[in-house]
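Engineer: Everything in the sequence shown is counted per our numbering, starting at 396 for the first residue and increasing by one. Where a beta carbon is used, it is the ideal one built from N, C-alpha and C, also for glycine.
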Amino acid sequence: MKKMNFLTLSLNLIFFIFTGCSQNSDDNISDNKIKEIRVAFESLTDNHLARLEKVIKKFEEKNENISIKLDIKKTDYLKELNDDFETNNPPDVFISGSSFSKINIKKNRILDLTKKYEEYEKNEMIYKQTMKHFSENDKIYAYPTGFYSSIIFYNKEILKKYKIEKPQNFEDFKNVLVKLKNNNVIPLGKNLIYTNLKDTINKLGLENDKRLNFYLKMEEEKLFVSINELGFKNKYEAFASGNVAFIIGIAADIEEIKFYKPNFGILETFSNESEFFISLGYCISQNSKYPEESFEFVKFLHDLTVEGAWDLKI
């Protein structure tokens, strides 16, 4: 009887040791599993992409169990993002303007980041003046990257050719665009964020977005032309070609423009117009399998940001 009990105890012990080791092994495998995070960005220049890839490499070196998969939206950023959500396949992380963010909050598509924000040791560095644009009921749904006043760049050669003075105010600017159009010059070029702005506004419920409606009005008046209609890779290349008189960007775009070597100037006198302001923030999808890791990447991006989503110290 004692032998039987001893045998039973031995078998139980062996089973416990085996299953315990197996469980620990499974836990280790789970802990060491590479977690892939999909991150969406709008169409990038080669220079932007190269810099972003360096950032990702640096992040992955510090976080060996996390892999970043880039999802570049090449034609219509807002529409493609919305389609991802509607087909239940959103990216883990994406950059959003405040209007699109508000829509995603109402549709319960993005995570409440309030606690993450409060726990983040560098939250004093966050652009707090933009927080209200990504908040609802005292909860924060995006990690702001900044509140940007757009800069208008103009091609000096085009204005000189048609004897047009540099605009001094907003109304003057709009009149100059009409003059350029009447001279068969493309007044203003826009980047590849959307292909059909009217459809995008209607589908996403952005009818009250003053900035987008300003662009829509100019598009309908043929003052604002999409870069992909011109056959150029990006707005900088189109601007340097001599076919486009103005483009709109931020301070970080200056280095990109210089790369293409156009003779350009900057309009700064009416940058306080609301049509030229935009708030941007990083959002994390409710469907993300790895929200913690996604937030780690967002923090990493923020810590490297100097000005704008692309002026990275790397």
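Could you check how far apart the C-beta atoms of GLU632 and TYR655 are, in whole angstroms? I think they sit under 8 Å.
Structural biologist: The pair is a contact, with the Cβ atoms about 6 Å apart (cut-off 8 Å).
Engineer: Compare the C-alpha of ASP648 against each of ILE432, ASN442, ILE429, ALA435 and name the closest.
Structural biologist: For ASP648, the nearest C-alpha among the options comes from ASN442.
Engineer: Give the DSSP-derived three-state secondary structure of VAL580 in the structure shown.
Structural biologist: Here VAL580 sits in coil by DSSP.
Engineer: Check the C-beta distance from LEU575 over to TYR557 and give it rounded, since I have them as a contact under 8 Å.
Structural biologist: The Cβ separation is near 7 Å, so the contact holds.
Engineer: Can you tell me the Cα-Cα spacing of ASP471 and SER438, whole angstroms?
Structural biologist: Rounded to the nearest angstrom, the two C-alpha atoms are 9 Å apart.
Engineer: Short check: CB of SER496 to CB of PHE529, under 8 Å?
Structural biologist: Cβ atoms of SER496 and PHE529: closer than 8 Å.
Engineer: Taking only three categories from DSSP, how would you classify ASN550?
Structural biologist: ASN550 falls in the strand class under three-state DSSP.
Engineer: Using the three-state DSSP reduction, which class does SER530 fall into: helix, strand or coil?
Structural biologist: SER530 falls in the strand class under three-state DSSP.
Engineer: Counting Cβ pairs closer than 8 Å, one from the region 458–475 and one from the region 499–509, do we hit at least three?
Structural biologist: At 8 Å Cβ cutoff, the stretches do not touch.
Engineer: Where does ASP471 sit, in a helix, a strand or coil, going by DSSP?
Structural biologist: ASP471: coil per DSSP, three-state reduction.
Engineer: Taking the CB atoms as reference points, tell me whether PRO486 and VAL434 lie closer together than 8 Å.
Structural biologist: Yes, the pair counts as a contact, with Cβ atoms nearer than the cut-off.
Engineer: Would you mind reading off the limits of the beta strand (DSSP E) that contains SER621?
Structural biologist: From DSSP, the beta strand (DSSP E) with SER621 extends over 619–621.
Engineer: Are the CB atoms of GLY660 and LYS630 nearer to each other than 8 Å?
Structural biologist: Not a contact, by the Cβ cut-off of 8 Å.
Engineer: Thinking C-alpha only, which one of VAL580, GLU481, PHE565 is nearest ILE553?
Structural biologist: Ranking the options by Cα distance to ILE553, first place goes to VAL580.
Engineer: Where does the unbroken beta strand (DSSP E) through PHE659 begin, and where does it stop?
Structural biologist: Segment 659–662, the beta strand (DSSP E) holding PHE659.
Engineer: The beta strand (DSSP E) with PHE641 in it runs from where to where?
Structural biologist: Start and end: 639–644.
Engineer: Identify whether GLU615 lies in helix, strand or coil by the three-state DSSP scheme.
Structural biologist: The answer is helix: DSSP assigns GLU615 an H, G or I state.
Engineer: Nearest to LEU465 by alpha carbon, out of GLU431, LYS612, PHE565?
Structural biologist: It is GLU431 whose Cα lies nearest to the Cα of LEU465.
Engineer: Determine the closest residue to GLY492 out of LYS694, ALA635, VAL639, ARG606, with distance taken between C-alpha atoms.
Structural biologist: For the residues LYS694, ALA635, VAL639, ARG606, the minimum Cα distance to GLY492 belongs to ARG606.
Engineer: Here's the rule: buried if 16 or more other CB atoms are within 10 angstroms of the residue's CB, otherwise exposed. What is ILE461?
Structural biologist: Buried.
Engineer: Among residues of its own chain, excluding the 5 on either side of PHE568, which ones have a beta-carbon nearer than 6 Å to its beta-carbon?
Structural biologist: The answer, listed in chain order, is PRO562.
Engineer: What's the call for LYS468, buried or exposed, on a 16-neighbour Cβ count within 10 Å?
Structural biologist: LYS468 comes out buried.
Engineer: Can you tell me whether GLU459 is buried or exposed? The criterion is at least 16 other CB atoms within 10 Å of its CB, across all chains shown.
Structural biologist: Counting Cβ neighbours within 10 Å, GLU459 comes out exposed, since fewer than 16 surround it.
Engineer: Quick check: what's the CA-CA separation for ILE498 versus ASP533?
Structural biologist: Near 16 Å, if we compare the C-alpha coordinates of ASP533 and ILE498.
Engineer: So HIS697 packs on TYR538, CB below 8 Å; how close in whole Å?
Structural biologist: About 6 Å; that satisfies the 8 Å criterion.
Engineer: Applying the 10 Å Cβ sphere with the 16-neighbour rule, what's the burial state of ILE429?
Structural biologist: Its Cβ having fewer than 16 others within 10 Å, ILE429 is exposed.
Engineer: Tell me which same chain residues have a C-beta within less than 8 Å of the C-beta of GLY600, skipping the five on either side of it?
Structural biologist: Here the set comprises ILE498.
Engineer: In the DSSP output, which residue or residues are listed as bridge partners for TYR677?
Structural biologist: The partner list for TYR677 (beta bridge, DSSP) reads ILE490, TYR538.
Engineer: Report yes if the C-beta distance between ASP677 and ILE490 is below 8 Å; otherwise report no.
Structural biologist: Going by the sequence as given, residue 677 is Tyr instead of Asp. Contact flag set, yes.
Engineer: Measure the CB-CB distance between PHE690 and ILE463 and report whether it falls below 8 Å.
Structural biologist: No, Cβ-Cβ distance for PHE690 and ILE463 is not below 8 Å.
Engineer: Give every residue of the same chain whose Cβ lies closer than 7 Å to the Cβ of THR509, excluding the five residues on either side of it in the sequence, and list them in chain order.
Structural biologist: The residues are LYS534, ILE535.
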